[in-house]
Amino acid sequence: MANCQTCDQSQLEQREARRSCEPKIHYGGIASSNQVMKDAVTRDRLAQELDIICFEMEAAGLMDVLPCLPIRGICDYSDSHKAKDWQKYAAAVAAAYAREFLEALPATGDALRDSRPNAHFPEQADLGNRRLQLMESLRFEQIDSRKTTIKTAYSKTCSWFLKHRDYLEWLDLEKQSQHHGFLWIRGKPGAGKSIIMKFIYTKMKKTDMPMKALTISFFFNARGELLEKSVPGMYRSLLLQLLEGFPDLQQILDDPDLIPRNQVTCPPLNILKDLFRSAISSLDKRALTCFVDALDECDEQQVKDMVEFFEEVAEQCVEDNVRFQVCFSSRHYPYIDIKSGIRLTLEGQDGHNEDLKRYISKHLRIQDPSLVDELTQMMLDKAAGVFLWVALVVDILNEENRHGRIALRTRLREVPNELSALFQDILTRDQDHLESLLLSILWILLAQRPLQAGEYYHALWSGLLLKGKGDREMPPVNTSDASDCFNKCVISSSKGLAEITKAKKPTVQFIHESVSDFLIKDKGLYKLWPKLGADWESQGHEELRLCCNAYVFHEAIWKAIEEQKSTDAQTIKDGLLKQFPFLEYASQFVLGHADAAAHKITQQQFVNEFPVSNWVRIFNIFEKHKVRQYSEGADVIYILADRGHPELIRMRLEVNPKIDGGGGRYRHPFLAAMAKGHKDSVIALLGLSSRVHNGIDITHGLKCKVDSVRKVHTPFSWACEEGHMAIARFLLDRGAQVGVDDLVKFVENGNIEVVKMLLEKGADARAANMDGLTPLLLTSQNGHLEMVKILLEKGADATAANRDGSTPLLLASQNGQSEIVKILLDKGVDARAANRDGFILRC
1 MANCQTCDQS QLEQREARRS CEPKIHYGGI ASSNQVMKDA VTRDRLAQEL
51 DIICFEMEAA GLMDVLPCLP IRGICDYSDS HKAKDWQKYA AAVAAAYARE
101 FLEALPATGD ALRDSRPNAH FPEQADLGNR RLQLMESLRF EQIDSRKTTI
151 KTAYSKTCSW FLKHRDYLEW LDLEKQSQHH GFLWIRGKPG AGKSIIMKFI
201 YTKMKKTDMP MKALTISFFF NARGELLEKS VPGMYRSLLL QLLEGFPDLQ
251 QILDDPDLIP RNQVTCPPLN ILKDLFRSAI SSLDKRALTC FVDALDECDE
301 QQVKDMVEFF EEVAEQCVED NVRFQVCFSS RHYPYIDIKS GIRLTLEGQD
351 GHNEDLKRYI SKHLRIQDPS LVDELTQMML DKAAGVFLWV ALVVDILNEE
401 NRHGRIALRT RLREVPNELS ALFQDILTRD QDHLESLLLS ILWILLAQRP
451 LQAGEYYHAL WSGLLLKGKG DREMPPVNTS DASDCFNKCV ISSSKGLAEI
501 TKAKKPTVQF IHESVSDFLI KDKGLYKLWP KLGADWESQG HEELRLCCNA
551 YVFHEAIWKA IEEQKSTDAQ TIKDGLLKQF PFLEYASQFV LGHADAAAHK
601 ITQQQFVNEF PVSNWVRIFN IFEKHKVRQY SEGADVIYIL ADRGHPELIR
651 MRLEVNPKID GGGGRYRHPF LAAMAKGHKD SVIALLGLSS RVHNGIDITH
701 GLKCKVDSVR KVHTPFSWAC EEGHMAIARF LLDRGAQVGV DDLVKFVENG
751 NIEVVKMLLE KGADARAANM DGLTPLLLTS QNGHLEMVKI LLEKGADATA
801 ANRDGSTPLL LASQNGQSEI VKILLDKGVD ARAANRDGFI LRC
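Numbering (full-length UniProt numbering), first residue to last: 1 to 843.
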């Protein structure tokens, strides 16, 4: 048995520690031989020729006679070092895996007949656990936020819809072949489509029958987080409801053609669609009704693709006699249509007009019946079927009534007919608290994510404090009436156009998407605050940056941090959030708002004076994944690259052009930006103004691959290995240090493009690495003919030998590379030269 006592310790290869101590299982071809393998060169040649992962002897006599499945525990590397000390561990691993394999192997018919009824099958338990994990991966935090926030239909309203001819026709199974199960409700913004949809959904949900009929829904929410307003979020929600409603359909999650057996994370969009289609095709005699509200609040192209997919599924259901019904709702624009289906326009329906009358009758606080009738008719004429307009105007008239009912008719006549103009009227009726109104609007429009009520409360306070309009002391958030304070703050600061959602984690949003339309599409924000200019977003982000920065570094917060006695990270985080609910958001996104503002407003002073170490201390408190935290001495340029802030990077580099500072798991700004897929940050670090260079996008194909960076990587080597050659060339042009080890590595990998580039930039084709290997030695051994030609053209020494005295000619000969042998002989290499063991060229 050989050991390493006589080995050169300076040649010991330092390997990165494994992230897990769990056993590693390799699947692949195993070669059976009649002798022990002790030669590394022969090992590598056979592995390449036969595509095998290891050798074994035990099955050599059976392999050609009986079907065999060798399971090997590896204890050596088939070279001169035969380490038997590891044999017992390898044997234990192989035995343990063999047992697991036999337990998972399907039993024969006889074995099944003999098995006990209640026997435990491990694979079934594993399968069930995997299903649970996949089901949980479909769920997301705000999955029901929009549906729960929509107001329930007012008493006795919406009932007319259940008797409407179009609705009854949609329910008629005999007419499914005509309308393919589709009902599409269209209406103006604010007409009440979502309320109708929630009403019908709730009524139909009550008729669900276990294993017979199921009703599912998704309500798009343009004011929510990404999954609330995107098609992937819709498919995740609908699929989860379907599989929970009909649990037997969860078997589709076991299909390896759809989801790999080792995957327990949420599948991508195309697989979600396939799973949804597969589940519906397995309904058999069961009925499924699906409600999808507010299609206009999702990306138009996503919706078009989704509608086409639903049409395909519905068409197949008609052919297979499967009961599948879909009810969509949307605005009139953007116009998306279906080939077959029933279409209903909400405004103009008699029942809808009666609902408006009922609402006015119940909520208008005027005692005079004749005046109520007169005002009701005036409102119906002006509302044009828009429920939201009626609700807002009723509040206006009630306020006027409280002032003595002197000018009710005049006030109503002054109210604009259009919803957008009504919003402007509400916001400009008085000039009170305009600072808080602007902050309210900017936070709802520009926040990186919707703010929770407590966050909004303190964010508004921080902004008002900067303007001299807020108390110096932070408003408390742990009082018994805190929720009431939050609600009053939201309503008063937005002048009634914002609300707190009803969800597990309530957030602040506008009462309707049409408010956003007024402010942005109809330029309401510019009309209200002309000084913001056409590029109001940059100015808006600057306001929010100031709010965040002032809050993060407020003296009260730092005093609380210094007084922390606990060492538990979660305890510290929870304690701070109870006092300072806006701290997590402010620390996470202060740089993001600064970067967004930097398009028009310089952030030079901000980024140069930014107290990095203090910010890192707070940021790390709220970053639960330790690998994503920054070191105390993190360089600001590294942080900006890691978080993807290209404009701030440019401003920082104007003052300090150094780009080698680290401070996190990627060690280098370039590696952080590339691994995170921050294309614009890579461009900024390269000092370029655009991704396009000489007609090509040099960042094409750059995607987020957070776990792709290893300790051995440099920015250049990572870019080359990932195939981003344009970036690699720019890195070389900007002085990237490349040594012989890089050249040897890319020669060994057979990467001709990189090798050519390195040689063109002056890499020495004759140099040897620390192991005494030249590029030509490696490529001659590996048999890469084209690489040999390139190296020889660039002056590689065809006679340079390795530490064993083997030349490229000998290595090529030993590995059967006849064409390379011929080329080297043509170069005049001595065919009689032998290595230290006496081996000579074998012809």
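The C-beta atom is built at its ideal place from N, Cα and C for all residues, glycine as well.
Determine, using beta carbons only, whether Gly-351 comes closer than 7 Å to chain C.
In the structure shown, chain C cannot be found, because there is only a single protein chain.
May I have a chain-ordered list of the alpha helix (DSSP H) segments no shorter than 4 residues that lie completely inside the region 166-235?
Complete alpha helix (DSSP H) runs here, min 4: 176-179, 193-205.
Mind checking who Ile-342 pairs with in its DSSP beta bridge?
Answer is Leu-183.
My output table needs one value for Val-394: the three-state DSSP class, helix, strand or coil.
Here Val-394 sits in helix by DSSP.
Would you mind giving the Cβ-Cβ distance between Val-372 and Ala-383, rounded to the nearest angstrom? I have them listed as a contact below 8 Å.
That pair is no contact at about 15 Å.
Is it right to say Glu-209 is buried, meaning 16 or more other beta carbons lie within 10 angstroms of its own, or is it exposed?
In the sequence as presented, Glu is not what sits at residue 209; that position holds Met. When all chains shown are included, Met-209 counts as exposed.
Rounded to whole angstroms, what is the Cα-Cα separation between Phe-328 and Gly-695?
When rounded, the distance between both Cα atoms is 44 Å.
For Tyr-335, count neighbouring Cβ atoms within 10 angstroms of its own Cβ and tell me buried if that reaches 16, exposed if not.
Per the 10 Å Cβ criterion, exposed.
Is the beta carbon of Ser-462 less than 7 Å from the beta carbon of Ala-534?
Taking 7 Å as the Cβ cut-off, Ser-462 and Ala-534 do not qualify as a contacting pair.
Which runs of the beta strand (DSSP E), 3 residues or longer, sit entirely within the region 123-164?
You should have found no qualifying run.
State the beta-bridge partners of Gly-29 as determined by DSSP.
Ile-52.
Using only the alpha-carbon positions, how far apart do Asp-771 and Arg-803 sit?
Taking the straight line joining both Cα atoms gives about 8 Å.
With distances taken from CA atoms, which of Arg-139, Arg-130, Trp-184 is nearest Ser-330?
Here the closest residue by C-alpha is Trp-184.
Tell me, please, which residues DSSP counts as bridged to residue 851.
This structure leaves residue 851 out entirely; the chain is present only between 1 and 843.
Check this for me: beta carbons of Phe-510 and Gly-192, under 7 Å apart or not?
Cβ distance not < 7 Å, so Phe-510 and Gly-192 don't count as in contact.
As a quick exercise: from Ser-230, Asp-355, Ile-252, Leu-288, pick the residue whose alpha carbon is nearest that of Asp-296.
If we check each option's Cα against that of Asp-296, Ser-230 comes out closest.
Express the C-alpha separation of Lys-339 and Arg-286 in angstroms, rounding to a whole number.
About 25 Å.
Relative to the C-alpha of Gln-629, which candidate in Asp-257, Ala-597, Tyr-666 has its C-alpha closest?
Closest by alpha carbon: Tyr-666.
Within 10 Å of its beta-carbon, does Arg-261 have 16 or more other beta-carbons around it, so buried, or fewer, so exposed?
Arg-261 is exposed by the Cβ-count criterion.
I need the straight-line Cα distance from Ile-823 to Asp-764, nearest angstrom please.
Taking the straight line joining both Cα atoms gives about 21 Å.
Using only alpha-carbon positions, find the residue among Gly-404, Ala-569, Val-755 that is nearest to His-625.
Measuring from the Cα of His-625, the nearest candidate turns out to be Ala-569.
Hey, Ile-342 and Asp-166: beta-carbon distance below 7 Å or not?
Taking 7 Å as the Cβ cut-off, Ile-342 and Asp-166 qualify as a contacting pair.
Opposite Glu-499 in the DSSP bridges: which residues?
In the DSSP output, where bridge partners are listed per residue, Glu-499 has Gln-509.
Under 8 Å: do the region 173-182 and the region 358-374 share three or more Cβ pairs, one atom per stretch?
Not touching, per the Cβ criterion.
How many whole angstroms separate the CB atoms of Lys-827 and Ala-798, which I take to be in contact at a CB cut-off of 8 Å?
5 Å between Cβ atoms; contact.
According to the neighbour-count rule (16 or more other Cβ atoms, all chains shown, within 10 Å of its Cβ), is Val-36 buried or exposed?
Classification for Val-36: exposed.
Hey, how far is the Cα of Leu-50 from the Cα of Met-787?
Their Cα atoms are separated by approximately 23 Å.
Within the chosen definition, does the region 532-546 reach the region 584-604 through at least 3 CB pairs nearer than 8 Å?
As far as the Cβ criterion goes, the region 532-546 touches the region 584-604, which means the pair count is three or higher.
Using 8 Å as the cut-off, can you tell me whether the region 554-562 makes contact with the region 419-435, which would need three or more C-beta pairs spanning the two stretches below that distance?
Contact fails: fewer than three Cβ-Cβ distances are below 8 Å.
Throw me the rounded Cβ distance for the Ala-634 and Gly-664 pair, which I believe falls under 8 Å.
About 6 Å separates the two Cβ atoms, so the contact holds.
Which term fits Ile-406, buried or exposed, when burial requires 16 or more other beta carbons within 10 angstroms of its beta carbon?
It is exposed - the Cβ of Ile-406 has fewer than 16 other Cβ atoms within 10 Å.
Less than 7 Å between the beta carbons of Asp-707 and Ala-672, yes or no?
No, the pair does not count as a contact, with Cβ atoms beyond the cut-off.
Sort Gln-316, Leu-408, Leu-445, Arg-43 by Cα distance to Ala-222 and report the nearest one.
The shortest C-alpha separation from Ala-222 is found at Leu-445.
Within a Cβ cutoff of 7 Å, which residues of the same chain sit near Pro-808, ignoring the five residues on either side of it in sequence?
Same-chain partners within the cutoff: Leu-776, Leu-777, Ser-780, Ala-798, Leu-824.
What is the DSSP secondary structure of Ile-366, reduced to helix, strand or coil?
Three-state DSSP puts Ile-366 in coil, outside helix and strand.
Does the region 414-424 come close enough to the region 392-400 that 3 or more CB-CB pairs lie under 8 Å?
Verdict: yes, contact present.
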